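Working notes for the structure below.
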Amino acid sequence: MTRSYGEAMDRLLEELAKLPGVGRRTAERLAHHLLRLPADEAMKLAIAIRDVKRNTRSCSRCGNVTEIDPCAICGDATRDQGSVCVVEQPRDVVSIEAASAWRGVYHVLGGKVSPLDGVGAEDLNLARLVERVRTEGVREVVLATSPDLEGDGTALYVEKALEGLPVRVERIARGVPTGIGLENASTAMLQDAFKGRR
846 MTRSYGEAMD
856 RLLEELAKLP
866 GVGRRTAERL
876 AHHLLRLPAD
886 EAMKLAIAIR
896 DVKRNTRSCS
906 RCGNVTEIDP
916 CAICGDATRD
926 QGSVCVVEQP
936 RDVVSIEAAS
946 AWRGVYHVLG
956 GKVSPLDGVG
966 AEDLNLARLV
976 ERVRTEGVRE
986 VVLATSPDLE
996 GDGTALYVEK
1006 ALEGLPVRVE
1016 RIARGVPTGI
1026 GLENASTAML
1036 QDAFKGRR
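Heads up: the sequence shown runs through residues 846 to 1043, numbered per the numbering used here.
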């Protein structure tokens, strides 16, 4: 980045620009917003960042982000411990929980297979999933990976890893979203909808 604000501001701009989806202009807007805040308000952000780095970790059972181990979902006796929903990232857990669509537990892979980004199946939290299926009485695994090339490839790797184990493996449904007209559906959506019809 071009230096023009002074060392401290330039360092802040460089760090903000490293965040996903934040370019130079957005970094500048954020930095100027932080400068306008009263010092105690700006420090609340710094303290929140420090605290999240100190206090959060991955759940040793499912890989979700947590401050307690096991996480609240894994530790919830009312959840169906024999049904595991496999997702790519912790934010996927949050989305599914917000929809109140699942009463089982989760397994967070920590990404998806993406050869172009140098991510292989061995880089994912896959071995722990296999161990859970072998030792924790898991009856079903529902794959909720992204409906894209990498997500589909990741789902295939998971299916292969669980092959031969006494567990039912399913993929979440895909197709035309509720509330969308067919004329607005893409070819891929329509193909998925016809393949997964019930």
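Positions of the beta carbon are idealized from the N, C-alpha and C atoms, including for glycine. Since we're looking at a predicted model, the values are computed, not measured.
In this model, D962 and V931 are separated by some 21 Å (Cα to Cα). The DSSP-derived three-state label of S928 is strand.
In the DSSP assignment, L882 falls outside any alpha helix (DSSP H), carrying neither H nor E. Leaving aside the five residues that flank R1019 on each side, the residues in its chain whose CB is nearer than 7 Å to its CB run, in chain order, P992, D1037 and G1041. With fewer than 16 other CB atoms across the displayed protein chains lying within 10 angstroms of its CB, A943 is exposed. E985 has its alpha-carbon roughly 7 Å from the corresponding atom of G927.
Around the C-beta of K957, 16 or more other C-beta atoms lie within 10 Å, and the residue is accordingly described as buried. Contact between the stretch 904-915 and the stretch 947-956 is present, with at least three C-beta pairs closer than 8 Å. For the options V1014, R1013 and A1030, the alpha carbon positioned closest to that of V1021 is the one of A1030. The three-state secondary structure of G1020, taken from DSSP, is coil. Using a Cβ distance threshold of 7 Å, A1000 and I1017 do not count as a contacting pair. Residue burial annotation: A872 is buried, with at least 16 other C-beta atoms found within 10 angstroms of its C-beta.
The C-beta distance from A862 to R869 rounds to 6 Å, short enough to fall under 8 Å.
Under the three-state reduction of DSSP output, L858 falls in the helix class.
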